[in-house]
Structure formats: structure tokens, C-alpha cells
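Taking the numbering used here, the leading residue of the sequence shown gets 87, the next gets one more, and so forth.
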Amino acid sequence: NSDVDRNGRKRRIYRRTQFSCSHCTKRFSVADLNEYCDHVIKYGIQRPYKCSESSCPWSIIGFQRKLERDRHHTRKHGVPRYECRFWAGPDNEKFPGSKICTTQWHADAGNRTRHERSVHGYYVATSRGKNLSGDLSEKDMIPVNR
Numbered sequence: 087n088s089d090v091d092r093n094g095r096k097r098r099i100y101r102r103t104q105f106s107c108s109h110c111t112k113r114f115s116v117a118d119l120n121e122y123c124d125h126v127i128k129y130g131i132q133r134p135y136k137c138s139e140s141s142c143p144w145s146i147i148g149f150q151r152k153l154e155r156d157r158h159h160t161r162k163h164g165v166p167r168y169e170c171r172f173w174a175g176p177d178n179e180k181f182p183g184s185k186i187c188t189t190q191w192h193a194d195a196g197n198r199t200r201h202e203r204s205v206h207g208y209y210v211a212t213s214r215g216k217n218l219s220g221d222l223s224e225k226d227m228i229p230v231n232r
């Protein structure tokens, strides 16, 4: 079902996000992506990197950089592979003060880290993306200065 995300919650719509046309001053909101697609077709705007999902508007609009396309695909169409390290079930705190987690899965490591810092108030001590001690323990948790 496209109305819920992989964590079982209603999808968020980012209404204030704006996209600028690369050849004129026109701007388009998320709600106007189909209008943006029509604009790209009408003016023959070519971007080298397209989303591979044919139902996605970005398969028409495209991206200037391969990295942007790959990030889009990972976040919007990929299978989330990064589990929140504070996840302990829907109504449990993993450690006292780490807050109950409502988002178990994240599309990439950056989204997971941002979630852990903003929701739980901690980041995890790592070495090249690996927990220093294997399983997460309280000594791995570093409080975020707010």
C-alpha cells in the first residue's frame, strides 16, 4: 500500500519542498511534480540520469548527477537496510532516557544517524560504520549537545 511507509505509518508529504527548473526561473512544489514533468517535456530539457522506475516522475525529470539519482532511488524505491540502533519494539526504550522509537528502518546510514540524533538525543560511537563493541551498549551512546 502506497499510503503507508515501511514502518507502517502514514506517508509524509513535504508540501514546502520546491524544485527549480534548470533553464528558467520557474519553481515547482512536490504537489506540482506532474506539471514539472509537462514543463520538462514541453521545453525538451534533458538531464542525463533518470530514475529507473517508470511510474516515478523523476524518470521524466531526471537528475544532473548520478549520485543524486542513486540517492533518490535508495531513499524512495530501495528496501530500507539500516535498523535504528535504539529499536526495542514499538512501546519499549532500549536504554533509560533513549526514548521510545517509532521508526525501525531507514533507507541509508545518514537517515538513520539523523534520526538517532534528533529523536533519541544520542549518536553512536563507530569506527568506519561499525559499532565499536558489536552490540549497542550504553557506553557506545554519546549524548547530543542541544
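Note that the Cβ used here is the ideal one computed from N, Cα and C, for glycine as well.
Given the structure is predicted, the values throughout are model-derived calculations rather than measurements.
Give me whichever residues DSSP pairs with residue i in a beta bridge.
| i | result |
| --- | --- |
| Y168 | H192 |
| Q104 | S115 |
| P182 | In DSSP, P182 forms no bridge with anything. |
| Y135 | F149 |
| Y209 | I228 |
| K96 | V90 |
Quick check on residue i: buried or exposed, where buried means 16 or more other Cβ atoms within 10 Å of its Cβ?
| i | result |
| --- | --- |
| E202 | buried |
| A211 | exposed |
| I127 | exposed |
| L222 | buried |
| C72 | Residue 72 lies beyond the residue range present for the chain, which begins at 87 and ends at 232; the question has no answer from this structure. |
| S219 | At S219, the pLDDT of 45 sits below 50, so the modelled position is not reliable; the number obtained from the coordinates is stated separately. The residue is exposed, with fewer than 16 neighbouring Cβ atoms inside 10 Å. |
| Y129 | exposed |
| I228 | exposed |
| R155 | buried |
| H206 | buried |
| K96 | exposed |
| N87 | At N87 the pLDDT is 49, less than 50, meaning the model places this residue with poor confidence; the figure from the coordinates comes in the next sentence. Its Cβ having fewer than 16 others within 10 Å, N87 is exposed. |
Are the CB atoms of residue i and residue j nearer to each other than 8 Å?
| i | j | result |
| --- | --- | --- |
| S184 | Y168 | no |
| H158 | F149 | yes |
| C107 | H125 | yes |
| A195 | P166 | no |
| I186 | N197 | no |
| R113 | Y135 | no |
Between the Cα of residue i and those of the options, spot the shortest distance and give me the residue it belongs to.
| i | options | result |
| --- | --- | --- |
| R161 | T111, I147, C142, R171 | C142 |
| W173 | E121, W191, K96, L153 | W191 |
| D91 | D118, T188, C123 | T188 |
| S204 | Y135, E121, V230 | V230 |
| R102 | D89, T111, D118, C110 | D118 |
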